[in-house]
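Residue numbers (the working numbering): 1117 to 1580.
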């Protein structure tokens, strides 16, 4: 009962209360599987403090939880500078669970421990590609192998690795980055880079690095494709979900379509027409987070696959949700409302009840203590689940960061994600803006900044 109560508290953003419930539950004589789950979640809650190591060691005793528990054990040990023990934990994942995605993550983490010997690091990263070909982990390994060489001034080798990675993993979100940086590596060799930039701008025009390529080439934004028509098919009988949608039973129509996807077992390339149908009818039912999730999956083929999508699908994936409240909050904070939308989409997918593992709550994912400082009074997770309150104080924080950094969006986004100290370090870096972003020390923050900038560009392309 206490473990279930802890789950509910976590969903409400009450991290401290959830931790107390889990700690109390673990004093009872729990079945091993439930105890392992409790230890695992307690470890995640304590990852930023000193209690995670013991919790993950306990969770790893249960086979069903062992692989992720050992991975996070290594992460907790590395955070406390116990590198040899971290290495042993990650090697244990590799040894006992060789085909698990946790092994791929463990190998990537092991590579980060050996960057003082770049050849050892390169060998570990090459192992990720060999054992998990075509996966997101292989794409990350290709990217990091090129980056190792860039930092050593081995620009021809970096270009070759990035070009191969972009060719082999052309549908990966890492492909536009590899093509763009292959162009920069080519420039460092004193050679023309226009071919790489044009390929990037044509195939991936709305990705972050596709937008950067278009900007450098001086190309206009890509043309928007008019919406498709909608209606029941004339050449066959309508399916159940199509009939329900035509009758206005939007939630039921989306449920029926989702059941089709589940039965079809088609991931990762699920039927884009059904995903689109789900997005349309979830939106009409007022279920914006579910609509965005389905539309984003459908539109990924246009972002990374070289295909096209019409404006209706783009607006479902990038809606002007809560638009009236966004404009009020953005005007008060003196921030572009499309930047507020971009941050909100990437923070919560417009789910006002979203809670992060770190305890951030609501549309703009504010920590209660941060919101309390902005509001001048105590703000609870329940307060921050109110869309208007979240938008007001999230926009205020973003606006303050923009003014602090003289309108520079990159350090403002770093401040929003990782705090003002990290943002000050980024703001002091001179020179190439691409290098500034790729040199952000925290991988999560670096990816966050690029996602928000990509989304911001898409919002301006769609609506301005």
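C-beta atoms are modelled at their ideal positions from N, C-alpha and C, and glycine is treated no differently.
Distance CB(residue i)-CB(residue j) smaller than 7 angstroms
i	j	result
residue 1223	residue 1201	no
residue 1393	residue 1437	no
residue 1241	residue 1220	no
residue 1456	residue 1433	no
residue 1357	residue 1372	yes
residue 1480	residue 1462	no
residue 1292	residue 1326	yes
residue 1265	residue 1274	yes
residue 1124	residue 1141	no
residue 1542	residue 1530	yes
residue 1367	residue 1401	yes
residue 1134	residue 1122	yes
residue 1186	residue 1209	yes
residue 1445	residue 1399	no
residue 1218	residue 1183	yes
residue 1312	residue 1295	yes
residue 1581	residue 1190	Residue coverage of the chain in this structure runs from 1117 to 1580, which leaves residue 1581 outside it and unanswerable.
residue 1435	residue 1443	no
residue 1321	residue 1338	yes
residue 1158	residue 1138	yes
residue 1369	residue 1377	no
residue 1492	residue 1449	no
residue 1302	residue 1309	yes
Beta-bridge pairing of residue i - partner residues as DSSP gives them
i	result
residue 1236	DSSP output for residue 1236 lists no bridge partner at all.
residue 1333	None; residue 1333 has no bridge partner.
residue 1341	1426
residue 1471	1477
Alpha helix (DSSP H) segment containing residue i, residue limits
i	result
residue 1510	1503-1520
residue 1567	1559-1579
residue 1441	1439-1449
residue 1486	1484-1491
residue 1294	1291-1304
residue 1140	1131-1141
residue 1556	Element bounds for residue 1556: n/a, residue is neither H nor E.
residue 1461	1453-1464
residue 1170	1168-1175
residue 1499	1497-1500
residue 1399	1388-1400
residue 1547	Where residue 1547 is concerned, there is no enclosing alpha helix (DSSP H), given that its DSSP letter is neither H nor E.
residue 1365	Counting along the chain, residue 1365 falls outside any alpha helix (DSSP H), and DSSP gives it neither H nor E.
residue 1283	1271-1284
Residue i classed as buried or exposed, judged by whether at least 16 other C-beta atoms fall within 10 angstroms
i	result
residue 1300	buried
residue 1580	exposed
residue 1566	buried
residue 1315	buried
residue 1307	exposed
residue 1197	exposed
residue 1439	exposed
residue 1527	buried
residue 1521	buried
residue 1423	exposed
residue 1475	buried
residue 1384	Legend: pLDDT at residue 1384 = 47, less than 50; position of this residue unreliable, value from coordinates given subsequently. Classification for residue 1384: exposed.
residue 1403	buried
residue 1427	exposed
residue 1245	buried
residue 1397	buried
residue 1413	buried
residue 1581	Beyond the ends of the chain as shown, which are 1117 and 1580, falls residue 1581; an answer cannot be given.
residue 1573	buried
Identity of the residue in the options nearest residue i by Cα
i	options	result
residue 1488	1284, 1473, 1469 and 1508	1508
residue 1271	1297, 1324 and 1250	1297
residue 1229	1248, 1245 and 1207	1207
residue 1261	1471, 1551 and 1278	1278
residue 1575	1412, 1521 and 1431	1431
residue 1247	1259, 1256, 1231 and 1214	1214
residue 1504	1526, 1531, 1469 and 1254	1469
residue 1290	1312, 1304 and 1324	1324
residue 1153	1234, 1174, 1170 and 1312	1174
residue 1498	1483, 1305 and 1511	1483
residue 1518	1571, 1312, 1492 and 1451	1451
residue 1429	1360, 1268 and 1395	1395
residue 1513	1571, 1555, 1534 and 1502	1534
residue 1406	1419, 1418 and 1391	1391
residue 1343	1425, 1165, 1335 and 1523	1425
residue 1148	1561, 1370, 1317 and 1177	1177
residue 1495	1572, 1130 and 1552	1130
residue 1083	1506, 1397, 1136 and 1572	Lying outside 1117 to 1580, the shown extent of the chain, residue 1083 is not represented and no answer is given.
residue 1166	1143, 1195, 1180 and 1179	1195
residue 1409	1374, 1540 and 1188	1374
residue 1459	1553, 1331, 1355 and 1571	1571
residue 1387	1417, 1267, 1369 and 1365	1417
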